[in-house]
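I have placed the structure first, in the form of C-alpha cells, so that the comments after it can refer back to it.
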Amino acid sequence: MSVTLPENLDTLDRQIQNRIEKCRAGILCPDTLREKAAELRRQAGWDGKGIIVASGHQPVIYHPGLFAKEVLAVALARRYDGSAYNIVLDTDEIDLAISYPVRLDMDFSCTTSVQDWPVHKRTVPLTRGNRIVGFQKFDDSNRALLRRACEEALRELHLVLEPNARRRARNFILEYIQRLEKANSILDPSIILRDIARQELGIRVIDVKASELFNSDAFRYFAAFVAERGADFRRAYNEQLAQYRAEHRIKNPAQPLPDLDGQIGELPFWYIKGGYREALTDDTFAEALQSCKDGSGAIYPRAVTTSLFVRLFFCDLFIHGTGGGRYDRITE
C-alpha cells in the first residue's frame, strides 16, 4: 500500500482499513500470490494475526532519523493490531562505518564562538570493497575497532551532550560494548544497537534479513514472473522513470535510477556469487535461476523490485525514508 501519512488519523484509518478488507476478501491478490505470501510470512515468524507493518535499511550504525521508521512501524502495528518488522538489507553493496565526535587539537583559549567549538566527526570504516555486505566478514579486528571507537566517544561525550543526556548515552554505549563481545556477524553491530534502543523504549520489532526473504519460493516465483514478461516490464519501468524525470525536471538519465537497457534485455535483478553481483538479462536469467535453486548462487532484486516484492508478498504497509519514498512512486 502506498500512502502519504495525513495529519488526520481518521483519514489514515479509512485508507488502511479499506486495504485490509480488500486483502481479506481476495480482491487484490490472485490465489498463487496469496499462498506464496502466506508461506513467506510464516517463514519470517508471523503468527497469522493482524497486519505486517515493515520498514528496512542497510545494517548501518543507525542515527535517530532512521530509527524513527521503526518507532512509527510499532505505533501503526499497535493501532491496527499487527506486527512490526525491520528488513535488514544485507543484500546491498555498501561500506559500513561508525562515526562519533572527537576533540580537535587546538588551543582552547581561542574558542570564542560555536563555529570554533573544538569538536569534529570522526568516521572509522568497518568494511571495505565492493562486495555485498552480507558476505563480508566480522572478526576480532572488527570488534576491537568498534570497542576503541566507543571508548574514545565515551571520553568526549562532555563536549557534545548536557549532563542528563550524557549519563544516558554513557550507559547505552557501555552496554553496547558489552554486547559486542557476542557479535559474530557484520550485521550484528547494527542489530545490537537497535535492540538496546528498542529495549529502552519498550517496543518490539522483528528483524528479518532481506537475503532470507529472497531465498524463498515466493521470491523465485516473483522473479520468474517478471523475467517471463521482461520486455513488458522494461517498457513500463522506463516509461515511469521518464515521467518521473519530466515531472521533477531531472536531466541526469541516471536519476533517480537508470533505465533498463532494452538492447541487452536487462532485467531488474542481480545475480550474486561469492558476494559479487552482475546484471541479469533475458538470456542469462534461466541459468541463474537454476543456479539459485541448486544453492550455488543467488538472485537479488534491485531498488524498485525490492520494494515491489516486499509490498506484494510480505507486508501490508511499508515505511520508506525520503530516498526510498522517491523511487516508490515509480513502483506504485
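Just so we're on the same page, the numbering used here is the position in the sequence shown counted from 1, plus 1207.
C-beta: ideal position from N, C-alpha, C; glycine also.
- Excluding sequence positions up to five before and after R1285, its CB lies less than 7 Å from no other CB in the same chain.
- Taken through DSSP and simplified to helix, strand or coil, V1278 comes out as helix.
- In this structure, the beta-carbon distance from D1299 to Q1343 does not fall below 7 Å.
- Burial state of S1262 is buried, judged by a 10 Å Cβ sphere holding 16 or more other Cβ atoms.
- For R1338, the secondary structure class from DSSP, reduced to helix, strand or coil, is coil.
- In this structure I1537 touches V1511 by the C-beta definition: roughly 6 Å separates them, less than 8 Å.
- By the C-beta criterion, the segment 1413 to 1427 is judged to be in contact with the segment 1236 to 1254, since at least 3 inter-stretch pairs fall below 8 Å.
- With respect to L1333, A1291 sits apart: the two C-beta atoms are not nearer than 7 Å.
- N1349 counts as buried, since at least 16 other C-beta atoms from the protein chains shown sit within 10 angstroms of its C-beta.
- With a cut-off of 8 Å on Cβ pairs, the segment 1460 to 1468 is not in contact with the segment 1368 to 1383, counting fewer than three such pairs.
- Using a Cβ distance threshold of 7 Å, V1367 and P1271 do not count as a contacting pair.
- Per DSSP, S1514 lies in no beta strand (DSSP E); the unbroken alpha helix (DSSP H) holding it starts and ends at A1510 to F1516.
- Residue pairing by DSSP places G1263 opposite I1294 in a beta bridge.
- The beta strand (DSSP E) runs of length 3 or more contained entirely in the segment 1450 to 1485 are, from start to end of the chain, 1473 to 1480.
- Bounds of the beta strand (DSSP E) holding Y1307 are A1304 to R1310.
- Around the Cβ of G1502, a 10 Å sphere holds fewer than 16 other Cβ atoms; the residue is exposed.
- Residue I1403 holds the alpha-carbon nearest to the alpha-carbon of L1387 among I1403, A1376 and A1280.
- Under DSSP, the beta-bridge partners assigned to I1526 are S1262.
- Around the beta-carbon of T1513, 16 or more other beta-carbon atoms lie within 10 Å, marking it buried.
- Close CB contacts of V1412 within its chain, under the 8 Å cut and outside five residues either way in sequence, are with E1277, A1280, V1281, A1291, Y1292, N1293, R1401 and R1405 (chain order).
- In the DSSP assignment, D1414 falls outside any alpha helix (DSSP H) and lies within the beta strand (DSSP E) extending over I1413 to K1416.
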